[in-house]
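Have a look at the structure below, then the notes.
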Amino acid sequence: MAKQLLTMETLVTLCKRRGFVFQSSEIYGGYAGFFDFGPLGVELKNNIKRAWWQDFVHGRDDIVGLDSSIIMHPRTWEASGHVAGFADPMTDCRETKKRYRADQIFVSPVTIVEMVAGAVPEMIGSVAFMEDATADEIVKRAKVLRDSLEKKNCKVIEEKLAEKREFDKVPEAELATILGPDATKPGSLTPARQFKLMFETHVGALQDASSVAYLRPETAQGIFNNYKNVLDTGRVKVPFGIAQIGKAFRNEITPRNFLFRSREFEQMEIEYFISPDADWKALHRKWIDTCIDWYVSIGLPREGIKEDVHPQEKLAHYAKACTDLTFQFPHGQQELEGIAVRGNFDLTQHQQYSGKNLEYFDEEKKTRYLPHVIEPSFGVERAFLAVLTSAYDEDEVPNDKGVAEKRVLLRFAPKVAPYKVAVFPLLKNKPELVERADRIYKRLQKRWSAFWDASGAIGRRYRRQDEIGTPWCVTIDFDTIEKDGSVTIRDRDTTKQVRVNENDVVAWIAEKMGEN
Ligand code: GAP
0 MAKQLLTMET LVTLCKRRGF VFQSSEIYGG YAGFFDFGPL GVELKNNIKR
50 AWWQDFVHGR DDIVGLDSSI IMHPRTWEAS GHVAGFADPM TDCRETKKRY
100 RADQIFVSPV TIVEMVAGAV PEMIGSVAFM EDATADEIVK RAKVLRDSLE
150 KKNCKVIEEK LAEKREFDKV PEAELATILG PDATKPGSLT PARQFKLMFE
200 THVGALQDAS SVAYLRPETA QGIFNNYKNV LDTGRVKVPF GIAQIGKAFR
250 NEITPRNFLF RSREFEQMEI EYFISPDADW KALHRKWIDT CIDWYVSIGL
300 PREGIKEDVH PQEKLAHYAK ACTDLTFQFP HGQQELEGIA VRGNFDLTQH
350 QQYSGKNLEY FDEEKKTRYL PHVIEPSFGV ERAFLAVLTS AYDEDEVPND
400 KGVAEKRVLL RFAPKVAPYK VAVFPLLKNK PELVERADRI YKRLQKRWSA
450 FWDASGAIGR RYRRQDEIGT PWCVTIDFDT IEKDGSVTIR DRDTTKQVRV
500 NENDVVAWIA EKMGEN
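In this text, residue positions in the sequence shown follow numbering that gives the first Met the number 0: the first is 0, and each later residue adds one.
Encoded structure:
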């Protein structure tokens, strides 16, 4: 299926129907920006994290792991700059009571002209719209503005709408003439103001300013806090990395697009420490390529991944460079991961705020320095969504009666698939089939997540597994018990079946998994 035809709604519905992802607190009407991972979702998520840890920690000699606490000393966030500056501009709509990220809204001027000869075009104000609005949607909004000013008999000059400005750069005096993204009359948007993104809590018995602490908005600072501990207790030498997977929390103004922007999510981050005189450009490039290869290894199509290089003037003051990897999600080509070159900003700050010497002693060169850092920062949920988007497919296969039927399937790479294999006794009321199938199932279960299904027509059982992305289905039939002990193994993607001896099933799957 062409990916551009896949909508987020289709994915959300599939995720709910098959137990991948549920809205948090659904029985209470849901809680915006929070999600729960169901039986299949937790398997998929864990498999993504396991693959990451295998490839970036176990599979490398230069990276070690860490699991730091979520709540850290509040000074951490002063040093990192988050207390002072981790905020997004927001604007409220007084009419609809909706709230928007002011840097994600754009504004276009609306010019109309009366439909009579010689009429002079008139600029009547502007329309504000979300960054992903289509040209047609912007025209529609322009017509709402025109109608609200009771100028229905005029024509909107569509070409003039092409001019686009960022909302938070618009002078306050103009706000009265701007129609909000969902409003019916102009003048309802408030001036942009900063909205703090860190969730605050209190630690200890007192609930006052002295006990304020934060839920970490990134895992990275836990790594910087522990950099010296790792250095002093491990056998690492620059260049080396510290990797961490863990929860992060951001009070996003507008959590949107399903898992893409949520308020509680997981990051998989690496701080890769390098010498100040290392060729950081070459190392940055290498990290970008390594990350892309990793996404391809978990099933993303190479052509869906693009690089978005941050222009020098938009870089954070401490960053030397930053490249986002973007992916073709159902809602557009959007950020999947950031790979930043952070210089030694963080260690410098922590050294200053903690008063502890964080320098690295280079034994060969007999010099001391604060290492610089390259930071690949992956989002687990974005990887999850990208894997689902890549895997989703629809095709037609013959049903039990030989009639072509639409099939929905998830073509997961086997290593991330929630279940690797399903086992079916052909008939559930034949104890000899069930008992033989159970033996094979138990053997498979020792090694992989396996699924047992004894009910319904075989075709329907295949369909159910296709829809949750199980790569192989093993069926135990009468040939198994009466003839040669062979079973069928059916491939999800091709629907082709092969016969394999029941004693060879584990080895057969291990080989397909690349685990032999
Ligand atoms: N330590 C650097 C850092 O946190 P970031 O660009 O703010 O950088 C890194 O976040 C990654 O974390 C993003 O590329 C994305 O994958 C994920 N991420 C950030 N905010 C998120 C959110 N609200 N919901 C889901 N994932 C998010």
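Where a beta carbon is used, it is the ideal one built from N, C-alpha and C, also for glycine. Nothing here was measured: the structure is a model prediction, and the numbers come from that model.
Local Cβ density within 10 Å of residue i, reported as buried at 16 or more and exposed below that
i, result
"residue 402", "exposed"
"residue 208", "exposed"
"residue 141", "buried"
"residue 397", "exposed"
"residue 498", "exposed"
"residue 454", "exposed"
"residue 477", "exposed"
"residue 84", "exposed"
"residue 29", "exposed"
"residue 125", "buried"
"residue 27", "exposed"
"residue 53", "exposed"
"residue 465", "buried"
"residue 115", "exposed"
"residue 44", "buried"
"residue 25", "exposed"
"residue 42", "buried"
CA nearest to the CA of residue i, picked from the options
i, options, result
"residue 250", "349, 47, 343 and 196", "196"
"residue 359", "235, 413 and 65", "235"
"residue 212", "75, 342 and 94", "75"
"residue 267", "193, 356, 378 and 160", "378"
"residue 243", "273, 392, 69 and 384", "69"
"residue 106", "188, 287, 417 and 399", "188"
"residue 400", "447, 296 and 459", "459"
"residue 78", "27, 39, 220 and 434", "220"
"residue 364", "102, 72 and 275", "275"
"residue 410", "429, 473 and 491", "491"
"residue 469", "283, 493 and 102", "493"
"residue 190", "34, 366 and 101", "101"
"residue 431", "481, 199, 129 and 59", "481"
"residue 136", "472, 503, 122 and 181", "181"
"residue 217", "283, 82, 44 and 194", "82"
"residue 306", "290, 129, 260 and 173", "290"
"residue 161", "169, 133, 168 and 51", "133"
"residue 149", "404, 159, 167 and 183", "183"
Local conformation of residue i per DSSP, three classes
i, result
"residue 378", "strand"
"residue 17", "coil"
"residue 1", "With a pLDDT of only 49 at residue 1, under the threshold of 50, the placement of this residue in the model should not be trusted; the figure read from the coordinates follows. Coil."
"residue 222", "helix"
"residue 356", "coil"
"residue 468", "coil"
"residue 363", "coil"
"residue 343", "coil"
"residue 322", "strand"
"residue 137", "helix"
"residue 84", "helix"
"residue 477", "helix"
"residue 231", "helix"
"residue 89", "strand"
"residue 75", "helix"
"residue 510", "helix"
"residue 489", "strand"
"residue 388", "helix"
"residue 301", "helix"
"residue 334", "strand"
"residue 398", "coil"
"residue 505", "helix"
"residue 162", "coil"
"residue 142", "helix"
"residue 127", "strand"
Residue i at chain C interface by Cβ criterion, 7 Å
i, result
"residue 72", "Considering every chain present, this structure includes no chain C. It has just one protein chain."
I'd like the ranges of any beta strand (DSSP E) spanning at least 3 consecutive residues and lying wholly in the stretch 235-298.
239-248 and 263-273
If you scan the stretch 413-457 from start to end, which runs of the alpha helix (DSSP H) of 4 or more residues do you find wholly inside it?
430-444
Quick one: complete beta strand (DSSP E) runs, 3+ long, within the stretch 18-63?
20-22 and 34-36
Decide yes or no for the touch test of the stretch 371-386 against the stretch 268-275: beta carbon pairs closer than 8 Å, at least 3 of them.
yes
Do the stretch 416-425 and the stretch 322-329 touch if we need at least three Cβ pairs shorter than 8 Å?
no
Can we say the stretch 342-350 touches the stretch 299-311, given the rule of at least three CB pairs closer than 8 Å?
no
Three or more C-beta pairs below 8 Å linking the stretch 291-306 and the stretch 378-389
yes
Between the stretch 430-445 and the stretch 404-417, do at least 3 Cβ pairs fall closer than 8 Å?
no
Is the stretch 89-100 touching the stretch 151-158, taking contact as three or more C-beta pairs under 8 Å?
no
Any chance you could list the beta strand (DSSP E) runs of at least 3 consecutive residues sitting entirely within the stretch 166-221, in chain order?
192-195, 199-201 and 211-213
Counting pairs of beta carbons, one from the stretch 198-208 and one from the stretch 224-233, are three or more of them closer than 8 Å?
no
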